[in-house]
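Heads up: the structure comes next, in structure tokens.
In my numbering, the protein residues as written are 229 to 485.
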């Protein structure tokens, strides 16, 4: 519960800074993130790892995904202006970890081999990067809207320039698409029947998400898509991707048991 408290304290600090229209101190954000991540890992480890295998239940996976996302943002934030994303990530991570603690289910433990772990890690990194890209798209949409309506004051002054934000968004998107490609390829190689009844929706939606992101990246590179056009495509890809994994797991675990 200490990790949850730290996430909430970090969120409160960031929200207060935004409301007071002042930049949050980078050292404080880093301190909140590092400490919360360490406690998050300590809380999550015994829920994930068992002598019989891994517990990859829905809420465990969500909590693990947000641990990875926070870590990626923390490390990338040393060189790139990503720390503003923590205003979203801290409260969401607190809720994700709380759900994992409250709903811990030992019956979901499954055995996995090295090949499956490789596929899982690639999927986790792909989802994490594409979620980060989606959060970046939300900030871009806000920034575009404010500038379009000539409101360049308030919280928007705390964000990096629009060109920097947009370039960062596409960098993250490219990295996420490459990892999603590797995830899908390893799925076809390592999983015996990727179109089995319990996997077909996940497979089809993952491929749909890959296609949406591929079209967006093609449109940006060839046609110069940017702004709200790019944001809409990014949100469409994110919706398909979340339905692919988290939606499928919810149906299997909670509706079909």
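All C-beta atoms, glycine included, are put in the ideal place defined by N, C-alpha and C.
Fill in: Cβ distance (whole Å) where residue 408 is taken to contact residue 358 below 8 Å
7 Å
Discussion item. Please return the same chain residues whose Cβ sits closer than 7 Å to the Cβ of residue 298, not counting the five positions on each side in sequence.
Written reply: 261, 265, 317 and 321
Fill in: As assigned by DSSP and simplified to three states, the class of residue 465
helix
Item to complete: Pull up the distance between the alpha-carbon of residue 347 and that of residue 282, whole angstroms please.
Response: Roughly 14 Å separates the two Cα atoms.
Item to complete: May I ask you to report which of helix, strand or coil DSSP gives residue 449?
Response: helix
Practice prompt. Helix, strand or coil for residue 338, going by three-state DSSP, please let me know.
Written response: In this structure, residue 338 counts as strand in the three-state DSSP scheme.
Worksheet item: Which ranges does the beta strand (DSSP E) cover as unbroken runs of at least 3 residues, wholly within the region 280 to 308, from first to last along the chain?
Response: 281 to 283
Worksheet entry | Endpoints, the alpha helix (DSSP H) within which residue 391 is located | 390 to 418
Practice prompt. For my contact list, residue 292 and residue 270 are in at a C-beta cut-off of 8 Å; report their separation, rounded to the angstrom.
Written response: With 8 Å as the limit, residue 292 and residue 270 do not qualify as a contact, their Cβ atoms being about 13 Å apart.
Worksheet item: Between the C-alpha atoms of residue 464 and residue 437, what's the straight-line distance to the nearest angstrom?
Response: 8 Å
Worksheet item: Going by the beta-carbon positions, is the gap between residue 227 and residue 302 smaller than 7 Å?
Response: No answer is possible for residue 227: it lies beyond the span of the chain, which begins at 229 and ends at 485.
Discussion item. Just to confirm before moving on: does the CB-CB distance between residue 268 and residue 325 stay below 7 Å?
Written reply: Yes, Cβ-Cβ distance for residue 268 and residue 325 is below 7 Å.
Worksheet item: Quick one: what's residue 278 bridged to in DSSP?
Response: 281
Discussion item. What residue range does the alpha helix (DSSP H) around residue 475 cover?
Written reply: Element bounds for residue 475: n/a, residue is neither H nor E.
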